[in-house]
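The listed protein sequences derive, respectively, from chains R and P.
Each residue of the first sequence is one higher than the last, beginning at 10 in this note's numbering.
Each residue of the second sequence is one higher than the last, beginning at 10 in this note's numbering.
Backbone N, C-alpha and C fix where the C-beta goes; we use that ideal spot for every residue, glycine too.
2 protein chains.
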Amino acid sequence: MPEFAKHLELIGMDNLPEIKEGDDLTVLFLNALEEKDMGLEDGDAIVFTSKIVSKSEGRVVDLLEVEVGEVAEQMAKDTDKDPRIAQLVLNEAKEVVKKMQNHIIVETKHGFVCANAGVDESNVEQGKAVLLPKDPQRSAYLLKQGLERRSGVEISVLLADSFGRAFRDGVTGTCMGVSGIPAILDRRGEEDRFGKVAKVTKEAIADEICAAANLIMGEFKEGIPVVLVRGLKLKRCESDIKEVLFSREEDLFR
Amino acid sequence: MPEFAKHLELIGMDNLPEIKEGDDLTVLFLNALEEKDMGLEDGDAIVFTSKIVSKSEGRVVDLLEVEVGEVAEQMAKDTDKDPRIAQLVLNEAKEVVKKMQNHIIVETKHGFVCANAGVDESNVEQGKAVLLPKDPQRSAYLLKQGLERRSGVEISVLLADSFGRAFRDGVTGTCMGVSGIPAILDRRGEEDRFGKVAKVTKEAIADEICAAANLIMGEFKEGIPVVLVRGLKLKRCESDIKEVLFSREEDLFR
Chain R
10 MPEFAKHLEL IGMDNLPEIK EGDDLTVLFL NALEEKDMGL EDGDAIVFTS KIVSKSEGRV
70 VDLLEVEVGE VAEQMAKDTD KDPRIAQLVL NEAKEVVKKM QNHIIVETKH GFVCANAGVD
130 ESNVEQGKAV LLPKDPQRSA YLLKQGLERR SGVEISVLLA DSFGRAFRDG VTGTCMGVSG
190 IPAILDRRGE EDRFGKVAKV TKEAIADEIC AAANLIMGEF KEGIPVVLVR GLKLKRCESD
250 IKEVLFSREE DLFR
Chain P
10 MPEFAKHLEL IGMDNLPEIK EGDDLTVLFL NALEEKDMGL EDGDAIVFTS KIVSKSEGRV
70 VDLLEVEVGE VAEQMAKDTD KDPRIAQLVL NEAKEVVKKM QNHIIVETKH GFVCANAGVD
130 ESNVEQGKAV LLPKDPQRSA YLLKQGLERR SGVEISVLLA DSFGRAFRDG VTGTCMGVSG
190 IPAILDRRGE EDRFGKVAKV TKEAIADEIC AAANLIMGEF KEGIPVVLVR GLKLKRCESD
250 IKEVLFSREE DLFR
């Protein structure tokens, strides 16, 4: 039986600067920790908003430079959106899943089903939009490697974004990339407290960690782009957020 | 601008007894806290698994006593399920949303879209199944009232269950009932750090709190049916989990 956490702590980092292309997030985060007289500990999970990772990777687009094609023009009309945003959404999409008044739900090239392909105009300068990191799984891996090298402790890194859901209103923190811990805890075969063997249960822990972190990150003025989660007792491993994504054939709701 | 949490603590309660019908969860929880030399503080959120609330309310069914009708018999064949479980699912359902090999997704009478109407055979004696609380929103309210009366502080209560999702594999902690804080944070009209006004963002904080708590509750032998969340800075109000549930017309994926 695995060991379980009984006590978790989430600490919001409110002392990072505005992130620009080329910034090294591992250095900025470790400096911010030091400023708070804190250090990393073995087993810590560090949740970065995908937005600051995007900014550091230069995934910010000037809307004036977007050339709008015919398909995007029509989609913008259908959905009441800025045609340049519609074009960016199409660029990022593998497939449009649903298109309705005010909503473009797509599968992104990474395989995430989400609104507007994650293209986001909030918390960036007027006239600009932020795209999701090109390869958030790889970004999580590189951040983990960088933080472990600099700190000498074994940690995990998650990239979080706020996604809407089917059936339920409102966004929740959702994982885009994870390194150092499992993306999903496959607990099939384990027994419950009455000796019954589980048949189907897998727990999407990477998403739960990102949802928890989102309670601190919030959506607007909070200025907390990184949350340190301390107390998880998860086995160390390399995983991939793709393990959480249903293929089209498995997905009952597409 | 609202005040935001920068530091959250989650404390798992591992010292409650096995819950039976008629048990007063407010007393058992407060005793368990006292045993840990802890007390409640203003603003604490207490997350109960819906399962122990169901058990205390007598929502445990002996499968030997389930009379199986024709519709359930057929559904059991179609989905490879125990016909008695299929009958319980139908009893709890308002509508069957999807039915496939091994999956019955329904809308429950409460309005939750979930697998098997929340009917669950884990962590209960062999030959028995647990149903969701009859009115989890009311259960949350009554637990909140009881805890506030006994403790003299202002708290909130959430009921959590593990639900699957569309598009993504694995279950996450999801809210069934919430009292004392908002179910959803409607942040439309707020400005981001660049002065842009949000158009659509609502954050499903009750679900995020339950997802966070689920990291500690887990699914099987953990025996942690209650999690205390300390550090949230949310305005006090009465809300209703129904605010989070899309109506059939609003839901893009039904």
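Alpha helix (DSSP H) containing residue i: first to last residue?
i: T35 of chain R; result: L34 to E44
i: C219 of chain P; result: I214 to M226
i: M84 of chain P; result: E79 to T88
i: I164 of chain R; result: From DSSP, I164 of chain R is part of no alpha helix (DSSP H); its letter is neither H nor E.
i: I61 of chain P; result: S59 to S65
i: A149 of chain P; result: P145 to S160
Are the beta-carbon atoms of residue i and residue j separated by less than 8 Å?
i: K143 of chain R; j: E66 of chain R; result: yes
i: V253 of chain P; j: A213 of chain P; result: yes
i: S256 of chain P; j: V187 of chain P; result: no
i: L237 of chain P; j: I20 of chain P; result: yes
i: E157 of chain P; j: N223 of chain R; result: no
i: C123 of chain R; j: F57 of chain R; result: no
i: E134 of chain R; j: F203 of chain P; result: yes
i: D51 of chain P; j: V162 of chain P; result: yes
i: K60 of chain P; j: N132 of chain P; result: yes
i: A175 of chain P; j: C184 of chain P; result: no
i: Q83 of chain P; j: I250 of chain P; result: no
i: F262 of chain P; j: F121 of chain R; result: no
i: L25 of chain R; j: V235 of chain R; result: yes
Does residue i have its Cβ less than 8 Å from a Cβ in chain P?
i: T181 of chain R; result: yes
i: L168 of chain R; result: no
i: L254 of chain R; result: yes
i: G232 of chain R; result: yes
i: D201 of chain R; result: yes
i: H97 of chain R; result: In the sequence as displayed, the identity of residue 97 of chain R is Leu instead of His. No, its Cβ sits nowhere closer than 8 Å to a Cβ of chain P.
i: M47 of chain R; result: no
i: E217 of chain R; result: yes
i: F262 of chain R; result: yes
i: K205 of chain R; result: yes
How many whole angstroms separate the CB atoms of residue i and residue j, which I take to be in contact at a CB cut-off of 8 Å?
i: L17 of chain R; j: G240 of chain R; result: 4 Å
i: A95 of chain P; j: A126 of chain P; result: Actually they do not touch by this definition, with Cβ atoms about 10 Å apart.
i: K244 of chain R; j: A14 of chain R; result: Not quite, the Cβ-Cβ distance comes to about 12 Å (not below 8 Å), so this is no contact.
i: A54 of chain R; j: L167 of chain R; result: 6 Å
i: G189 of chain P; j: S165 of chain P; result: 3 Å
i: A169 of chain R; j: C246 of chain R; result: Actually they are not in contact, since the Cβ atoms of A169 of chain R and C246 of chain R sit about 20 Å apart, beyond 8 Å.
Is the CB of residue i under 8 Å away from at least one CB in chain R?
i: D129 of chain P; result: no
i: F38 of chain P; result: no
i: A138 of chain P; result: no
i: T210 of chain P; result: yes
i: E247 of chain P; result: no
i: L17 of chain P; result: yes
i: G21 of chain P; result: yes
i: V122 of chain P; result: yes
i: Q135 of chain P; result: yes
i: S188 of chain P; result: no
i: I61 of chain P; result: no
i: R174 of chain P; result: yes
For residue i, which residues from the same chain have a beta carbon less than 6 Å from its beta carbon, with the 5 sequence-adjacent residues on both sides left out?
i: K45 of chain R; result: none
i: T210 of chain R; result: R196
i: E9 of chain P; result: There is no way to answer for residue 9 of chain P, as the model of chain P reaches only from 10 to 263.
For residue i, which residues of its own chain have a beta-carbon under 8 Å away from its beta-carbon, when the five flanking residues on both sides are left out?
i: V75 of chain R; result: R93, Q96 and L97
i: V77 of chain P; result: A85, P92, R93, A95 and Q96
i: T88 of chain P; result: A95, K108, M109, Q110, N111, H112 and I113
i: I233 of chain P; result: G21, M22, D23, I225, M226 and G227
i: S63 of chain P; result: V69, V139, L140, L141 and P142
i: D33 of chain P; result: S65 and G155
i: L39 of chain P; result: L49, L156, R159 and S160
i: E258 of chain R; result: none
i: G31 of chain R; result: S65 and G67
Starting from residue i, trace the beta strand (DSSP E) both ways and give me its first and last residue.
i: R196 of chain P; result: Run containing R196 of chain P: none; DSSP gives neither H nor E here.
i: E18 of chain R; result: H16 to M22
i: I113 of chain P; result: H112 to T117
i: K107 of chain R; result: A102 to M109
i: K244 of chain R; result: Per DSSP, K244 of chain R belongs to no beta strand (DSSP E) and is neither H nor E.
i: S188 of chain P; result: T181 to S188
i: K137 of chain R; result: K137 to V139
i: D71 of chain P; result: V69 to D71
i: A124 of chain R; result: V122 to A124
I'd like the list of long-range same chain contacts for residue i, defined as Cβ closer than 7 Å, with 5 residues on each side in sequence excluded.
i: V180 of chain P; result: S171, F172 and G173
i: M10 of chain R; result: A caution first: M10 of chain R carries a pLDDT of 41, below 50, which makes its placement in the model too unreliable to give a value.
i: A41 of chain P; result: M22, N24 and L25
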